[in-house]
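Taking it in order: structure first as structure tokens, then the write-up.
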Amino acid sequence: MKFHPFLLLLLFVSSIAFAADSASIDSINFANPDPTNFIVQVQGKGLLNPVRSFMDNPPRIALDFADAKKKVSGKIEAKDNPFIYRVRTSEESKDKKKSTRVVIELKAPWNYSVTTVDGGVEVHLSVADQKKPATPAASAAPTTSKQNPAPAVPSADIVIGSEDLIEVNVFELPQFNVSARVSGDGTITMPLVGSIEVRGLTKKQAEQRIAQALESKYVNNANVSVYIKEYKSRQVSLLGAVKNPGAYFIISQRSLLQLLSEAGGLTTDAGQKCFIFRPNSPRIEVDLYELMINGDQDLNVSIYPGDVINVPPQAKTVVYVLGAVRTPGAVELITTMPVTLLAAIARAGGPAEQANQSGIQIRRKDASGKETVIKANLKDIISGKAEDIPLMAGDVINVPESFF
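The numbering of the sequence shown is our numbering, which starts it at 1 and goes up by one.
Okay, here's the thing in structure tokens:
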């Protein structure tokens, strides 16, 4: 049997149209092969390689499947997932053809790859490959260099507070998008909608309340995403002898060591004590030497919003060492160590070869300005024949030269 060429062409075109119309997204699943990797599986029939794009604020990946129908829920939550919040899908009709957009809402701006597999498409996310750092560098040691740990993921139970900066995105309706700081009365103002109270709500509850406000006046089935850009209501302050002092936002459970690590560790002049000031609570004192060197984890206290952590620098006494020493001048001595003549001369580089070590004089003035001269024999102190001499702030030590 022979067919007319035009009929064959018509059958061919019809088969292509039928194949395109039969393309669909039937399911979206998640796979977590190990703690550092996560896979979003988009499965269906006839799915071609999608057009993909990455968007910031909040971070999300969009996949556009041409000529594909949507047979899944418009919102798929990823409960207790450290990588993503949810996956949203929406279907558009254009020239009698269906196309579907899949948006993966991320908890951090991970790098990603998209792979076409039998039965669909896989989106691979990895902790090791972030598009940008998610948190300040961390290290458990007081002076070690910075590293890039996995970002802290906000708990789903954290509530929005006054002064928090939040971003609201309404899927496919950018006219309602807004970045707003929560006012003192707990509200934000949205275009066309007006004031909405969000203080005291979790992120998910805020999304639901905003969606209800939109659906009551403007749209059906509003898909709302809330991204908390600044947890200012959950701020702690870190002061003193740390490498990066300032304000930090507590978006998940934090211990003292974790916070010190995020601040880059301690400076070289950090004192042994750390003080935590907490509203309506007694001051907390922590011995950093016991915590960091001896590993006493009972001292690794939890940190809460509103805490002020102060690491005072080591207290120092300044004396002046002059004459026949290798580095004459002002000398700073840490008060947690013995502040003595021997320590001061050692700090000044030690006696010079021509020094008269038995003829040292210490000049000291009292509050009235009266000067006292104390004589010392460094050789006897070193040999143990004489006691080391304690010094006071402002003492002037003169090491004379020997002429014999």
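Virtual Cβ for every residue (Gly too), placed ideally from N, Cα, C. Because the structure is a prediction, the values reported are computed rather than measured.
Put simply, the backbone Cα of Ile228 is about 47 Å away from that of Glu332. Excluding five sequence positions before and after Gly74, the CB atoms of its chain that fall closer than 6 Å to its own CB belong to Thr89, given in chain order.
With fewer than 16 other beta carbons inside 10 angstroms of its own, Leu192 counts as exposed. If you ignore the 5 residues before and after Ala66, its C-beta comes within less than 7 Å of the C-beta of Leu48 and Ser99, all in its own chain and listed in chain order. The C-beta separation of Val286 from Leu260 comes to about 10 Å, leaving the pair out of contact by the 8 Å criterion. Glu207 is positioned such that its CB atom lies closer than 8 Å to that of Ser225. Nearest C-alpha to Asn169 among Val396, Lys69, Arg60 and Gly119: Arg60.
Within the DSSP secondary-structure output, Gln43 pairs in a beta bridge with Ser27 and Gly120. Per the coordinates, the alpha-carbon of Asn32 lies some 24 Å from the alpha-carbon of Lys45. Per the C-alpha coordinates, the member of Ile210, Leu341 and Leu238 positioned closest to Ile389 is Leu341. Sequence-distant partners of Lys70 (beyond 5 residues in either direction) whose C-beta falls short of 8 Å from its own C-beta, in its chain, are Ser24, Ile25, Thr89, Ser90, Glu91, Lys98 and Thr100. Between Ala367 and the set Asn244, Gly350, Arg347 and Ala393, the nearest pair of CA atoms involves Ala393.
In this structure Arg364 is in contact with Asp395, their Cβ atoms being roughly 5 Å apart against a cut-off of 8 Å. Scanning Val301, Glu371 and Lys107 for the CA closest to the CA of Arg254 turns up Val301. An exposed status is given to Gly384, since fewer than 16 other beta-carbon atoms sit within 10 Å of its beta-carbon. Residue pairing by DSSP leaves Lys203 without any beta bridge partner. Annotation: Gln175 to Met190 spans about 10 Å, alpha carbon to alpha carbon. As the crow flies, the alpha-carbon of Gly264 is around 25 Å from that of Phe83.
Taking every protein chain shown into account, the CB of Asn223 has 16 or more other CB atoms within 10 angstroms, so this residue is buried.
In the structure shown, the three-state DSSP call for Asp366 is coil. Looking at the DSSP output, Tyr112 sits in a beta bridge with Leu125. The beta carbons of Ala330 and Val318 sit about 6 Å from each other, so the pair counts as a contact at 8 Å. Counting C-beta atoms within 10 angstroms of its own C-beta, Val236 has 16 or more neighbours from the protein chains shown and is therefore classed as buried. The beta carbons of Ala324 and Pro245 sit about 41 Å from each other, so the pair does not count as a contact at 8 Å.
The shortest CA-to-CA distance from Ala343 to any of Phe38, Leu378 and Ser53 is the one to Leu378. According to DSSP, Gln314 shares a beta bridge with no other residue.
A distance of 8 Å or more separates the beta carbons of Arg199 and Val178.
Within the same chain, and ignoring the five residues on either side of Lys203 in sequence, the residues whose Cβ sits closer than 6 Å to its Cβ are Val226. Under DSSP, Gln361 shares a beta bridge with Lys375 and Asn398. Gln253 sits in coil when the DSSP states are folded into three classes, being neither helix nor strand. Gln235 carries a strand assignment under DSSP once its states are collapsed to helix, strand and coil. With respect to the 8 Å criterion, Glu122 and Gln41 are classified as neighbours on the basis of their beta carbons. Measuring C-alpha to C-alpha distances from Gln43 to each of Ser27, Asp34 and Met55 identifies Ser27 as the nearest. Pro338 places its beta carbon 8 Å or farther from that of Glu167.
Assignment of Arg101 by DSSP, reduced to helix, strand and coil, places it in the strand class.
Looking at Asn294, Lys370, Leu165 and Tyr320, the one whose alpha-carbon comes closest to that of Glu230 is Leu165.
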